[in-house]
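In this note's numbering, the protein residues as written are -19 to 526. C-beta: ideal position from N, C-alpha, C; glycine also. Note that this is a predicted model, so its numbers are computed, not measured. Written below as structure tokens is the structure these notes are about.
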Ligand code: NAP
């Protein structure tokens, strides 16, 4: 008997599994993975905690939520027909439009029939004897699957501040990532926003004009740059449609799959005048150009970074009338672009409005939430509504919430105690047949581009296993050690890794997340793909297959 015949014989003797693959999450990754695995003729089930598809775009319904990447570089690229029939209305679409798009995708490809909504997975345990995963839902039901694919997103576990009295407030309060489906009436209300990351910035600039009074509680200012959004007119729409092959080709070639890629020059290889003019141009252009298309050294060289930080600080001083407020809005503890850059639309001008107040809680910390509002070390504030734009337990947080247990009952949470360890950001030794989409150590960047690549890679791997009659595939400890070391080495010298942010695994609201880790792959997307392609071309010999 050959090895594959033995494998088949062993499988035949085992009780039937419920599914060939279970996918956790019906966001952009889970939806596309379902589509691809169906093509292989597999029995696939997606479990989704929400009541609809869309993941990030389903949950984050806060006012002003929108893309920071150009809409036409963000949608799925796998279906020409889909590209042809969908019209993005703005260069950076808002959340309602994006959610409509994802619902359209779900309808078009009839995805919902294999998605079970209102179903949160609480545990997934590997069984060596059947080479399968037992997946437990919160309602106690259990299902068995050969392959387990996590599509749980890097920013999907919202965190509330650990402030005394958070449950005491008698008005309305919302975390931005759990914004209600029904409209929230903010008109004329006294509103507090805690948090000034990309989410807080979008929320603040959107609601400032309609609320009665807005108080922003800022602990750390972030560097922000103008989004320069606008509607897409019919002529441009035509050009976009005709240019899709070029758009996606470009996204494949750039460092992080955005339309923007670093300028090959260093900041000091040009004259002061040229540098200033270049920064002016970047500041006036739409999107992430000022972050991703800037001089090649601004994110690795402190002096180079200081030139763009100084430039943006001057812009903030020009745009904010009150010099004291402007100073509070200028980051002093990190350089431009070393945290994820929020893109804004008249964000700074909001602070010139009479109904907006900035409270610097690094000076006067919040001491407690009271039934009527917020109390800082300097005084008491009363509110009708408190908005928590306080971010996420990023990258590993959603893994921590599920009790993943691999071979020998090893908990993933324990294995990752000192930081994640992965093979290509997709697999973990000791966790056979489990694949992660957009997990730690994978290339993120313009995320749908990375999603499509990872899903296709995972699909290729599963196809290979099925065609070869393998029922067990596992990353080797050596493969994991080597990839983890590689990811850590790539992070050396990056200014962003010297800064506290979700990108370095810091979350002041989560026990045990106060030490920086390398959870992100910070090399180039083309290099990432090259490495993964090489593994596939060598018929996955780096994996242990049986
Ligand atoms: P974030 O960047 O982590 O920001 C959270 C904010 O809340 C920070 O200002 C933080 O202050 C503050 N905060 C947290 N806990 C606090 C506490 N206990 N007391 C006071 N302040 C507290 O989270 P986010 O704004 O939700 O954004 C996360 C990521 O989501 C972004 O970086 C981006 O990748 C993604 N996102 C994308 C878009 C888009 O594409 N358009 C929009 C929104 C978000 P500290 O800085 O002092 O910790």
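Does residue i pass the burial test, meaning 16 or more other C-beta atoms within 10 Å, or should it be called exposed?
| i | result |
| --- | --- |
| residue 74 | buried |
| residue 500 | buried |
| residue 308 | buried |
| residue 407 | buried |
| residue 302 | exposed |
| residue 523 | buried |
| residue 313 | exposed |
| residue 397 | exposed |
| residue -4 | exposed |
| residue 359 | exposed |
| residue 513 | exposed |
| residue 10 | buried |
| residue 401 | buried |
| residue 277 | buried |
| residue 150 | exposed |
| residue 254 | exposed |
| residue 282 | exposed |
| residue -7 | Only weak support exists for where residue -7 lies, its pLDDT of 44 falling under 50; the value from the coordinates is given anyway. So residue -7 ends up on the exposed side. |
From residue i to residue j, what does the alpha carbon distance come to, in whole angstroms?
| i | j | result |
| --- | --- | --- |
| residue 70 | residue 159 | 23 Å |
| residue 100 | residue 196 | 34 Å |
| residue 162 | residue 465 | 47 Å |
| residue 173 | residue 368 | 6 Å |
| residue 338 | residue 126 | 53 Å |
| residue 494 | residue 486 | 5 Å |
| residue 250 | residue 293 | 21 Å |
| residue 431 | residue 289 | 32 Å |
| residue 481 | residue 221 | 37 Å |
| residue 490 | residue 291 | 35 Å |
| residue 582 | residue 181 | Residue 582 is absent from the model: the chain starts at -19 and stops at 526. |
| residue 59 | residue 16 | 12 Å |
| residue 457 | residue 167 | 57 Å |
| residue 507 | residue 192 | 50 Å |
| residue 3 | residue 18 | 12 Å |
| residue 266 | residue 240 | 10 Å |
| residue 77 | residue 382 | 31 Å |
| residue -14 | residue 20 | Low per-residue confidence applies at residue -14: pLDDT is 47, beneath 50, and the placement is therefore not dependable enough to give any value. |
| residue 129 | residue 455 | 15 Å |
| residue 446 | residue 133 | 27 Å |
| residue 224 | residue 497 | 37 Å |
| residue 403 | residue 378 | 19 Å |
| residue 28 | residue 244 | 43 Å |
| residue 171 | residue 194 | 5 Å |
Helix, strand or coil for residue i, going by three-state DSSP, please let me know.
| i | result |
| --- | --- |
| residue 113 | strand |
| residue 129 | strand |
| residue 303 | helix |
| residue 102 | strand |
| residue 229 | helix |
| residue 378 | helix |
| residue 457 | helix |
| residue 331 | coil |
| residue -1 | strand |
| residue -14 | Residue placement at residue -14 is flagged as unreliable, the pLDDT there being 47, under the threshold of 50; the coordinate-derived value follows with that caveat. It is helical. |
| residue -7 | With a pLDDT of 44 at residue -7, under the threshold of 50, the predicted position of this residue should be treated as unreliable, and no value is reported. |
| residue 469 | helix |
| residue 414 | strand |
| residue 219 | helix |
| residue 107 | strand |
| residue 76 | helix |
| residue -19 | Bear in mind that a pLDDT of 41 at residue -19, under 50, signals an unreliable position, so the number given afterwards is only what the model happens to contain. Here residue -19 sits in coil by DSSP. |
| residue 14 | helix |
| residue 525 | strand |
Look at the Cβ atom of residue i, then the Cβ atom of residue j, and state whether they are nearer than 7 Å.
| i | j | result |
| --- | --- | --- |
| residue 331 | residue 185 | no |
| residue 564 | residue 248 | The chain is shown only over -19 to 526; residue 564 falls outside these bounds and no answer can be derived. |
| residue 82 | residue 37 | yes |
| residue 325 | residue 207 | yes |
| residue 48 | residue 323 | yes |
| residue 145 | residue 366 | no |
| residue 139 | residue 409 | no |
| residue 357 | residue 370 | no |
| residue 118 | residue 102 | yes |
| residue 297 | residue 306 | yes |
| residue 246 | residue 275 | yes |
| residue 479 | residue 319 | yes |
| residue 111 | residue 452 | yes |
| residue 421 | residue 405 | yes |
| residue 411 | residue 520 | no |
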